[in-house]
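*Asks:* Below you will find the structure I want to go over with you.
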Amino acid sequence: MLTFYRIITNNPLVLEEVKGVKIELCSDLTEIMTRVRDYIHQGYRLTSHPLAGSVKPVQNPYRSIVINSGPGGLDLFSLQVLESARSKVEQFKESYQKQDYHAAVLADYQTIDLSLLKSCLKRITIKN
Amino acid sequence: MKLELGKIKIKDIIFANNTEIKDGVLAINRQELISLLAEPRIKELTIELAKPGDRIRIIPVKDVIEPRVKVEGPGGIFPGFIAGEEIVGSGKTHALKGMAVVTTGNIVGFQEGIIDMAGVGADYTPFSKLLNVVISCEVSAGLPQHEHEAVLRMVGLKAAAYLGEAGREIKPDQVVCYQHKPFYEAINDYPDLPRVGYIYMLQSQGLLHDTYVYGVDAKEILPTLISPTEVMDGAIISGNCVSACDKNATYFHQNNPVIEDLYRYHGREYNFIGTIVTNENVTLADKERSSSFTARLAEQLKLEAAIVSEEGFGNPDADLIMNCNKLEEKGIKTVLITDEYAGRDGASQSLADASKKANAVVTAGNANQLITLPPMEQTIGEQSLADVIAGGFAGSLKEDGSIEVEIQAITGSTNELGFTKMTARSY
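Protein chains in written order, with the numbering used here: chain D, 10 to 137; chain V, 74 to 500.
Below is the structure:
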């Protein structure tokens, strides 16, 4: 069990596929970003970068972010990265309307998010 | 390490009974190629030709690859995939210029990548100027996306190697010689010129976001030195196609314009010492480690300046800025090449990260810029994807077949190696 880590996500596939890490389910991207921000203020640090690799924020309705409990105290670097990402997400919201994707497309978005999450988990599993 | 790159100008491509090059025309035995590419996981495979000016839309593009063949020297083209792991980049290689293999196939439902061979969209992609052998590939139902991607990737590489073979015995129209010397010699060659290196960032994050070096997934590498001539023999391969505008198709790696230009002025304006490949992983720890190793290698090479090219947008912006900061802190001046997501009006912050040290930045354009692509007469692939691709939105695909999208949906439109003609200048 990777006790130091938490996954903040709105991707239902993560609940099915990922075991051994504490998972918190959010309703949407805004809630994820807010919750991660709050955790950082409580002394957590970002493990994965809050922005996805290339599929744009908002366009992909799913996102999973990994944080760790860290040594305590506010990590300004994590906060700065998170706040920059939040402002980028807000910018993208202006251009993209929420779409009702076909179920197959939603499943593909979940798969892409899970793939990036697994890339992260593989690295931290090696570390621990 | 010395490579003679023989360029064979291809004037036309046709289907015929034998695959061969005669008077600059590449004839392709379509059935032979289809048989070569066939494997149990592929349900249907078709090959079509798309030439500059044809009213053809190719969507969604997976990869674009230039056919090449190794005619002398160790190893073979696309080491780790087609050839073995032997080090490439020396001897002689022939390249079929003016043409490419384009693969298309629906790995995920929101996949993007448009090449219009005519109309206004053609101006935004360098691949509209090429004679394209377009391979559409449908795989067996239920094949997992990771495997689907791997199947398509291999189809493209195999086809490019097969067509490249037709150029083995052909006398090239032009031969260009590239040399990469041991670092000690390179440093002493032009002691009075500034020592410049190239930091070559590769996206490496997961499905549809991966790049391979000698067959190795780049997320597993530590930053390392590579000869630019190895890259020309296909040592770096793309598994990367979202977003289409700023992903380095394999063709871009084979024809990296940063490397071309560094060679062009080498020995006159600066001393091009070497190239460092590095990755763009998802964890902040990886980003810290890779940027530290990159800066340390640059310091060991005694670089005075470095060109840093990014791949992609979003979390790779953090890698770009970390590389910049750590190089600058060691006294190595940097020039960054990136693109922008500055909103449709261009007024928003361009990148997701910033630094005062990033004071020399070249942009390849604003990927949020809107464009209307006119209807085409023929679509290779699936046009209905336009509504769900990055840069598309509900209603993107109009009844008349035109598409309103951001240019991020167009393959290579804001390529961060600077392959295209778009940029922005401030005065």
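Glycine is no exception: its CB is placed at the ideal position from the N, C-alpha and C atoms.
On a predicted model such as this, the values are computed, not experimentally measured, just so you know.
Consult DSSP for N396/V and reduce its assignment to one of helix, strand or coil.
*Replies:* Locating residue 396/V in the second sequence gives position 323, counting from the first residue. Of the three classes helix, strand and coil, the one that applies to N396/V here is helix, per DSSP.
*Asks:* Hey, would you say S209/V sits closer than 7 Å to T166/V, going by beta carbons?
*Replies:* Counted from its first residue, the second sequence places residue 209/V at position 136. Counted from its first residue, the second sequence places residue 166/V at position 93. Not closer than 7 Å, so no.
*Asks:* Does K406/V come out as helix, strand or coil in the three-state DSSP assignment?
*Replies:* Reading the second sequence from its first residue, position 333 is the one you call residue 406/V. Strand at K406/V.
*Asks:* Report yes if the C-beta distance between A437/V and D412/V is below 7 Å; otherwise report no.
*Replies:* In the second sequence, counting from the first residue as 1, residue 437/V sits at position 364. In the second sequence, counting from the first residue as 1, residue 412/V sits at position 339. Yes; because the gap between Cβ atoms is below 7 Å, this pair is in contact.
*Asks:* Listing by chain order, which chain V residues have their CB less than 8 Å from the CB of L55/D?
*Replies:* Taking the first residue of the first sequence as position 1, residue 55/D is located at position 46. Ordered by position in chain V, the residues that pass the 8 Å Cβ test against L55/D are L357.
*Asks:* Could you please tell me which residues of the segment 176–188 of chain V, in chain order, have their CB closer than 7 Å to any CB of chain D?
*Replies:* V181, G182 and F183
*Asks:* Measuring only between beta-carbons, confirm whether I76/D sits less than 7 Å from chain V.
*Replies:* By 1-based counting over the first sequence, the position of residue 76/D is 67. With 7 Å as the cut-off, I76/D does not count as an interface residue toward chain V.
*Asks:* Give me the Cβ distance between L357/V and T56/D, rounded to the nearest whole Å; I'm assuming they're in contact under 8 Å.
*Replies:* For the purposes of this step, residue 357/V is identified with residue 284 of the second sequence, where counting begins at 1. For the purposes of this step, residue 56/D is identified with residue 47 of the first sequence, where counting begins at 1. Correct: roughly 7 Å between the Cβ atoms.
*Asks:* For D47/D, which three-state DSSP category applies?
*Replies:* To locate residue 47/D, count along the first sequence from 1; it is residue 38. If DSSP states are grouped into helix, strand and coil, D47/D belongs with the helices.
*Asks:* Sort out for me which residues DSSP pairs I380/V with in a bridge.
*Replies:* As a working note, residue 380/V is residue 307 in the second sequence. For I380/V, which the question treats as bridged, DSSP gives the partners Y271/V and V408/V.
*Asks:* For I133/D, return the contacting residues in chain V, with the cut-off set at a CB-CB distance below 9 Å.
*Replies:* Sequence index remark: in the first sequence, residue 133/D carries index 124 (1-based). Correct list: T356 and A358.
*Asks:* Across the segment 394–414 of chain V and the segment 360–371 of chain V, are there enough close Cβ pairs to call them in contact, namely three or more that are closer than 8 Å?
*Replies:* Look at the beta carbons and you see the segment 394–414 of chain V touching the segment 360–371 of chain V: at least three pairs across the two are nearer than 8 Å.
*Asks:* Tell me which residues share the same chain as E103/V and place their Cβ nearer than 6 Å to its Cβ, disregarding the 5 neighbours each side in the sequence.
*Replies:* Within the second sequence, the letter at position 30 stands for residue 103/V. According to the sequence shown, residue 103/V is Arg rather than Glu. Apart from sequence neighbours up to five positions away, the residues of its chain that approach R103/V with a beta-carbon distance below 6 Å are F88 and I120, ordered along the chain.
*Asks:* Below 8 Å on C-beta distance, what does S486/V contact in chain D?
*Replies:* Mapped onto the second sequence, residue 486/V falls at position 413. In chain order: nothing, as chain D lies at least about 14 Å away.
*Asks:* For the segment 404–421 of chain V, which residues have a CB atom closer than 8 Å to at least one CB atom of chain D, in sequence order?
*Replies:* Cβ contacts with chain D come from Y414, G416, R417 and S421.
*Asks:* Return the residue from the list G270/V, I405/V and E489/V that minimises the CA-CA distance to D390/V.
*Replies:* The residue you call residue 390/V lines up with position 317 of the second sequence. Among G270/V, I405/V and E489/V, the Cα nearest to that of D390/V is on E489/V.
*Asks:* Give me, in chain order, the residues of the same chain whose beta-carbon lies closer than 7 Å to that of E238/V; leave out the 5 immediate sequence neighbours on both sides.
*Replies:* Locating residue 238/V in the second sequence gives position 165, where the first residue counts as 1. Excluding sequence neighbours, E238/V sits near V142.
*Asks:* In the DSSP assignment, find the beta strand (DSSP E) that holds V331/V and state where it starts and stops.
*Replies:* In the second sequence, counting from the first residue as 1, residue 331/V sits at position 258. Looking at the DSSP string, V331/V is not in any beta strand (DSSP E); the run it does join, the alpha helix (DSSP H), is P330 to R337.
*Asks:* If you run the structure through DSSP and keep just helix, strand and coil, what is R15/D?
*Replies:* By one-based count along the first sequence, residue 15/D stands at place 6. Strand at R15/D.
*Asks:* How would you write the range of the beta strand (DSSP E) that I294/V sits in, first residue to last?
*Replies:* For the purposes of this step, residue 294/V is taken as the residue at position 221 of the second sequence. I294/V -> no beta strand (DSSP E), and no H or E assigned at all.
*Asks:* Pull up the distance between the alpha-carbon of A3/D and that of Y71/D, whole angstroms please.
*Replies:* Missing from the structure shown is residue 3/D; chain D here goes from 10 to 137 and no further.
*Asks:* Run the CB neighbour count on M10/D, radius 10 Å, all protein chains shown included, and call it buried at 16 or more, exposed below.
*Replies:* As a position in the first sequence, residue 10/D is number 1, starting the count at 1. Caution is warranted here: a pLDDT of 48 is assigned to M10/D, below 50, making its placement in the model unreliable, and no coordinate value can be reported.
*Asks:* Any Cβ of chain D within less than 7 Å of the Cβ of I294/V?
*Replies:* Residue mapping note: residue 294/V aligns to position 221 of the second sequence, counting from 1. It does not; no Cβ of chain D falls within 7 Å.
*Asks:* My output table needs one value for V193/V: the three-state DSSP class, helix, strand or coil.
*Replies:* Along the second sequence, read from residue 1 onward, the residue named residue 193/V stands at position 120. Residue state, collapsed to three classes: helix.
*Asks:* Using beta-carbon positions only, say whether S163/V and M74/V come within less than 7 Å of one another.
*Replies:* Here the question's residue 163/V lines up with position 90 in the second sequence. Here the question's residue 74/V lines up with position 1 in the second sequence. Taking C-beta atoms as the reference points, S163/V and M74/V count as a pair closer than 7 Å.
*Asks:* Would V30/D count as contacting chain V if we go by Cβ distances under 7 Å?
*Replies:* Counting from one through the first sequence, the residue named residue 30/D turns up at place 21. False, the Cβ-Cβ gap to chain V never drops below 7 Å.
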